[in-house]
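Asks:
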Amino acid sequence: HPHVEIPPCPKDRVRVDIKCGGFLLVPVDAKRTHVTVMMNLNPNIPYLPSSLLNFFLQKVVNKIHSSMEAQSHFKPGCIYLERMAQKAELYDYIEKRYQETREQFEGAPQKAGGFTAA
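When you read off a place in the sequence shown, starting at 1, and then add 295, the result is the number in the numbering used here.
1. Taking the continuous beta strand (DSSP E) assigned at Asn335, which residues delimit it?
2. Taking its Cβ as the centre, do 16 or more other Cβ atoms sit within 10 Å of Val321, making it buried, or is it exposed?
3. Just confirm the distance between the C-beta atoms of Met334 and Leu319, as a whole number of angstroms; I'd bet it's less than 8 Å.
4. With C-beta atoms as the reference, is Pro341 less than 8 Å away from Val311?
5. Any heavy atom of the ligand COA closer than 7 Å to the Cβ of Glu384?
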């Protein structure tokens, strides 16, 4: 972004260059949304075969996502539900906007990025 100053990268680290990226959110039903993350980036790691990087991105990151998804269901009394209750107006607004967006997709094909929501 032109108005954000990026701090210098320490010499013992490598900065990833992200050329572009985005999120595709497709409502599946009232409680689920299919999330696709897309990025065009250069990891700036010399001698890293693209096949190894692609394997990592396709397999390992998917496992991390699956683990996060399994842990994302809030249990009664958890700290996140308490935080949401403290900001009920904000979360009510988010829920309302989500439902409005979901209704726009009612009847539309639920297919994106080669994945079909089920």
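Don't be surprised by glycine CBs; every beta carbon is placed ideally from N, CA and C.
Every value quoted in this text rests on a predicted model; they were computed, and no experiment measured them.
Replies: A quick look at the data gives this:
1. 328–337
2. buried
3. Between Leu319 and Met334 the Cβ distance is about 12 Å, and since that is not below 8 Å, they are no contact.
4. no
5. No copy of the ligand COA appears in this structure; indeed no ligand is present at all.
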